[in-house]
Amino acid sequence: MYLNVNEIFTSIDGEVNAFGQGGVSTFIRLAGCNLRCRWCDTVRAQIKESGSEMMVSDIVQEIVSSGIKKVTITGGEPLIQIGSVTYLVNRLIQERIKISIETNGTISAANIRRVWVSLIVDYKLPSSDMTNQMNPSAFKNLNVCDFVKFGVVDREDYESAKSVSGFIHSMSPNVNFAYSPVMTDRNIAFPNTLANWMIEDKLDAIFSYQLHKILGVA
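The sequence shown begins at -18 in our numbering and counts up by one.
See the structure below:
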């Protein structure tokens, strides 16, 4: 079985996940995405042609040989290749590798085995221009190891995230919520603003700063 892979590399996992933000992880970045978010930070992986086919068995061997016990499957949108991703996850679980999967809220991961797996599901807010592409089934039956992540640019995004959280909570009562400031040259101070909004509103959510970007690593 094959996966269309954009790149494999090792870095700090700066995103929220059940195994701890800031851990060393091997990233498997898959090629191709079904969205075109206005502020996408991995445009290079959007098209299928940005990747090359790799056998899942070869990927697993590379991971095991590295000795690193955590894998982050990202994209692009990894669940476009859900059949091969499911096979990869099962193989990694057999090797007792911890796995986080970063996905964009358009495809359900319900059929993926959920042992040693943490889902980070983006809910796209108005600034992305992709809110109308969100698939409710992608937010059903998420558990305490999973996160719904909001990339927030401004107050409109923030209010939209608060508004939709109740609907998501009704489908997944145990899921975690994370608010992540989307950084641009024009809103350098926005992380502090977002944090203050969350404090004022006493949100039951995590403020998620992308540690890898602060550190200047991939």
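We put the CB at the ideal spot given by N, CA and C, even for glycine. Owing to the predicted nature of the structure, the values given are computational and were not obtained by experimental measurement.
Annotation for residue 143: the continuous alpha helix (DSSP H) segment containing it runs 136 to 152. Residue 67 and residue 101 have their C-alpha atoms roughly 16 angstroms apart. Rounded to the nearest whole angstrom, the CA to CA distance from residue 58 to residue 8 is 13 angstroms.
Between the region -8 to 4 and the region 139 to 155, the count of Cβ pairs shorter than 8 angstroms is below three; the stretches do not touch. Taken through DSSP and simplified to helix, strand or coil, residue 80 comes out as strand. Per the coordinates, the alpha-carbon of residue 90 lies some 12 angstroms from the alpha-carbon of residue 70.
Taking 8 angstroms as the cut-off, the Cβ atoms of residue 32 and residue 85 do not count as close. With a 10 Å radius around the Cβ and a threshold of 16 neighbouring Cβ atoms, residue 134 comes out buried.
In the three-state reduction of the DSSP assignment, residue 119 falls in the helix class, which pools H, G and I.
Between residue 114 and residue 105, the C-beta gap is smaller than 8 angstroms, which places the two residues in contact. Within the model, the alpha-carbon separation for residue 118 versus residue 130 is close to 16 angstroms.
Checking the DSSP bridge columns, you'll see residue 5 partnered with -7. In the three-state reduction of the DSSP assignment, residue 69 falls in the helix class, which pools H, G and I. Counting along the chain, residue 55 sits inside the beta strand (DSSP E) bounded by residues 51 to 55. Counted as a single uninterrupted DSSP element, the alpha helix (DSSP H) harbouring residue 41 occupies residues 37 to 47. DSSP lists no beta-bridge partner residue for residue 183. Taking C-beta atoms as the reference points, residue 88 and residue 60 count as a pair closer than 8 angstroms.
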